[in-house]
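Trainee: Residue numbers for the sequence shown, in full-length UniProt numbering: 1 to 93. Take a look at this one; I'll ask things after.
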Amino acid sequence: MARATARHILVATEAKCNELKAAIEAGADFAQVARENSTCPSSRDGGNLGSFGPGQMVKEFDTVVFSAPLNVVQGPVKTQFGYHLLEVTSRQD
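Spelled out as C-alpha cells, the structure:
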C-alpha cells in the first residue's frame, strides 16, 4: 500500500500562503516558517504530519501528496480548513 510522509503549513488566506511560499523559495526554513505561522497543531513539530496512506487526509491533500515531486513546496492547496503549503518528504508507491 502506498505511504507518504509530508509536512505542511496551514493559514487562513491564499495571500498569506503565497507570501510564505515565496519566503521558503527564497531560502527560509520550512519548519521554522511552520512553527511561526501555521495554525495547525503540527506547527509545533515544524509542520510534520508523519506517515499516512491514501484516504487518511482530505481529498485535496491526497491528490497533491500522492502525485507531487518530493521535496518541492506545493500550494496553495485549499481545503475546508484553509490554505496549505505542502511538502512531500518521502513516498512509497
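Every residue, glycine too, gets a C-beta built ideally from N, C-alpha and C. Since the model is a prediction, treat every value here as computed from it, not as a measurement.
1. Under the assumption that F61 contacts V72 (Cβ atoms under 8 Å), give the Cβ distance between them as a whole number of angstroms.
2. Who pairs with F52 in a beta bridge, going by DSSP?
3. If I measure Cβ to Cβ from Q74 and keep anything under 8 Å in the same chain, skipping five residues before and after, which residues do I get?
4. In chain order, which alpha helix (DSSP H) runs of at least 4 residues are fully inside the UniProt domain "PpiC" (1-90)?
5. Does the beta-carbon of L49 have 16 or more other beta-carbons within 10 angstroms, so that it is buried, or is it exposed?
6. Compute the distance between the beta-carbons of A31 and S43, then report whether it is under 7 Å.
Mentor: Result, derived from the coordinates:
1. Counting from one through the sequence shown, the residue named residue 61 turns up at place 61. Counting from one through the sequence shown, the residue named residue 72 turns up at place 72. In fact, because the Cβ distance is near 16 Å, the residues do not count as touching under 8 Å.
2. Stepping through the sequence shown from its first residue, residue 52 is reached at position 52. Partner(s): A4.
3. Here residue 74 is taken as the residue at index 74 of the sequence shown, counted from 1. Hits under 8 Å: V64, A68, L85, L86, E87 and V88.
4. As far as the UniProt domain "PpiC" (1-90) is concerned, its whole alpha helix (DSSP H) runs of at least 4 residues are 14-25, 30-37 and 59-65.
5. For the purposes of this step, residue 49 is identified with residue 49 of the sequence shown, where counting begins at 1. That one is buried.
6. Locating residue 31 in the sequence shown gives position 31, counting from the first residue. Locating residue 43 in the sequence shown gives position 43, counting from the first residue. Going by C-beta atoms, A31 is not nearer than 7 Å to S43.
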